[in-house]
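A.B. asks: Okay, so the sequence shown: first residue is 1 according to the UniProt record's numbering, each after it adds one.
Before we start, here is the structure in question, set down as structure tokens.
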Amino acid sequence: MPRRKRNRRIQVPPVIKGMSVYGVRGRKSNEVVLRLEEYEAIRLLDYQNLTQEQAAVHMDVSRPTLTRIYEEARNKVATAFVEGRDIIFRGGDIYFDENWFKCNDCQASFNDYVEDKPQCPVCSSSEVITLNAYYSQ
Ligand SMILES: [Zn+2]
Numbered sequence: 001m002p003r004r005k006r007n008r009r010i011q012v013p014p015v016i017k018g019m020s021v022y023g024v025r026g027r028k029s030n031e032v033v034l035r036l037e038e039y040e041a042i043r044l045l046d047y048q049n050l051t052q053e054q055a056a057v058h059m060d061v062s063r064p065t066l067t068r069i070y071e072e073a074r075n076k077v078a079t080a081f082v083e084g085r086d087i088i089f090r091g092g093d094i095y096f097d098e099n100w101f102k103c104n105d106c107q108a109s110f111n112d113y114v115e116d117k118p119q120c121p122v123c124s125s126s127e128v129i130t131l132n133a134y135y136s137q
């Protein structure tokens, strides 16, 4: 029986979809895709300075799994730095801690406790999708 892959918990979505290189002209950069759990591992360990034990608890994974995710994430970021490649945040085996949505009209991300018909708090649009759907596109 195949082992079911468990999803990793993400607390807050990234504020951007990715990062673009500076100072490269005339060629389309070959982007590095950073999965959302890899973004979260870097956020927790290098931005919030948690220990790997603490970050593993936050993401609801084992410590060895967290270490593997983190090493892959750092390798991708290093590749982007050294080779001058864009970084795109996309995909991942994840779920969000709370009910997060993204507005298709103004691109705002928000969480809403009214679950049946969420509305954008910035532009009042009802053209919103869940972030889980957004990042798996
Ligand atoms: Zn909006």
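Ideal placement from N, C-alpha and C gives every residue a C-beta, glycine not left out.
Among residues of its own chain, excluding the 5 on either side of VAL57, which ones have a beta-carbon nearer than 8 Å to its beta-carbon?
C.D. replies: none
A.B. asks: Regarding VAL122 and ligand 1, is the C-beta to nearest heavy atom distance less than 6 Å?
C.D. replies: yes
A.B. asks: Tell me PHE96's beta-bridge partners as DSSP assigns them.
C.D. replies: Paired residues: ILE10.
A.B. asks: Tell me the DSSP secondary structure of ILE16 in three-state form.
C.D. replies: coil
A.B. asks: Beta-carbon separation of ALA73 and LEU66 under 7 Å?
C.D. replies: No. Outside cutoff.
A.B. asks: Which of the three DSSP states is assigned to CYS123 in this structure?
C.D. replies: coil
A.B. asks: What's the C-alpha gap between TYR99 and PHE110?
C.D. replies: Sequence check: residue 99 is Asn here, not Tyr. One C-alpha to the other measures close to 8 Å.
A.B. asks: Suppose the cutoff is 8 Å on Cβ atoms and the five residues either side in sequence are ignored; what does the same chain contact list for ILE129 look like?
C.D. replies: Excluding sequence neighbours, ILE129 sits near PHE101, LYS102, ASN104.
A.B. asks: Closer than 6 Å to a non-hydrogen atom of ligand 1 - does that hold for the CB of SER125?
C.D. replies: yes
A.B. asks: To which residues does DSSP link THR130 through a beta bridge?
C.D. replies: Per DSSP, PHE101.
A.B. asks: Could you name the residues of the same chain whose beta carbon sits closer than 6 Å to that of SER125, not counting the 5 residues immediately before and after it, in chain order?
C.D. replies: CYS103, ASP105
A.B. asks: Roughly how many angstroms separate the alpha carbons of TYR95 and SER20, rounded to a whole number?
C.D. replies: 26 Å
A.B. asks: Would you kindly work out how many angstroms separate the C-alpha atoms of PHE89 and ASP97, rounded to a whole number?
C.D. replies: Rounded to the nearest whole angstrom, the C-alpha separation of PHE89 and ASP97 is 18 Å.
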